[in-house]
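Residue numbers (the working numbering), protein chains in the order written: chain A, 33 to 154; chain B, 33 to 154.
Each residue gets a CB set at the ideal place from its N, CA and C atoms; glycine is no exception.
All of these numbers come straight from a predicted model, not from anything done at the bench.
Encoded as structure tokens, the structure appears first; notes follow it.
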DNA sequence: TTTATTAATCGTTTTTCGACGATGTACGAT
DNA sequence: ATCGTACATCGTCGAAAAACGATTAATAAA
């Protein structure tokens, strides 16, 4: 009834929907916990996640699914189990937005300037 | 029934709950849109937000409330209307997490290293 | 004082989430 | 072939989120 095409879409990717989806995927303590876990144990992790996050296996599986769907993590199958790892690149859009908030770069520049990474050479 | 105190709380602030709450507040297209709007029009904005975001006034008001509750924006009353602005500091925890994902700093260091801001002096 | 403007709040309805147990699947081991 | 392990998927249920219209509050302007 009130659905417009997508107003305010920035230069490259990063629609509001994209950004929101990304943030939403991080919008749960359990999922933040999983991300933290994957930061610590650099390498991937299997079912230990279920151990760490105090929730039922099916619930954790669901959270992993959500993170995977958002592209934040990847799951490599190593049969009987699955090895999860972070996919940092997926979070660049969010980083962009935050940079913009802090006054650096533009609100829609997909710049990877996290630190000492001068995009746009020179 | 399955409620532990808060496992995995990092050094300073930033519990998983805190981070999640922050991300959650950003987890909606309309709210991302509002943040973008506030980035562009540096200065604060009044009811124009309702104009930009194509949603009912009451709905937008609710989104503003959520962002305010998360500390992401502030609303200064300028009677008949209200002037909203971003509160960048509130997003530092998220920035921290992202930095950690990208391999910089620790997962729990509330460091403001967005760019050329060497925390921990060289 | 009346009217217009701008927001917040309330009540309702619909949709989406989160969590769980149970069940299913796909191996590797025995 | 049977069993055990590691996950994914399904169905359910209660809780929370999203969206609206209507109402109310608080002024500024007329």
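Residue 97 of chain B counts as exposed, since fewer than 16 other C-beta atoms from the protein chains shown sit within 10 angstroms of its C-beta. At the C-beta level, residue 64 of chain A and residue 48 of chain B come within 8 Å of one another.
Interface residue (Cβ-Cβ distance to chain B less than 8 Å): residue 49 of chain A is classified as such. Residue-level contact check: residue 92 of chain A does not touch chain B, since none of the beta carbons of chain B fall below 8 Å from its beta carbon.
The Cβ atoms of residue 121 of chain B and residue 53 of chain B do not sit closer than 8 Å to each other. Contact check for residue 130 of chain A against residue 130 of chain B passes: the beta carbons are separated by less than 8 Å.
Out of B:110, B:51, B:116, the CA that lies nearest to the CA of residue 81 of chain B is found in B:116.
DSSP places residue 107 of chain A within a strand segment (E or B) once states are collapsed to three. If you compare the alpha carbons of B:55, B:70, B:125, B:61 with that of residue 91 of chain B, the shortest gap goes to B:61. Straight-line measurement puts the Cα of residue 70 of chain A at about 17 Å from the Cα of residue 87 of chain A.
Judged by their CB atoms, residue 79 of chain A and residue 108 of chain A are not nearer to each other than the 8 Å cut-off. For residue 128 of chain A, the enclosing alpha helix (DSSP H) covers residues 124 to 133.
Proximity of chain A to residue 106 of chain B at the Cβ level (cut-off 7 Å) is not reached, the minimal Cβ distance being about 13 Å. In the DSSP assignment, residue 118 of chain B falls within the unbroken beta strand (DSSP E) covering 113 to 118.
Approximately 23 Å separates the beta-carbon atoms of residue 135 of chain B and residue 59 of chain A; this is outside 8 Å, ruling out the contact. Straight through space, the alpha carbons of residue 111 of chain B and residue 57 of chain A are spaced by roughly 37 Å. At a cut-off of 8 Å between C-beta atoms, residue 97 of chain B does not count as an interface residue with respect to chain A. Contact note: residue 56 of chain A reaches chain B through 55, 56, 58, 59, 60, using a C-beta cutoff of 9 Å and chain order. When rounded, the separation of the alpha-carbon atoms in residue 93 of chain A and residue 85 of chain A is 11 Å.
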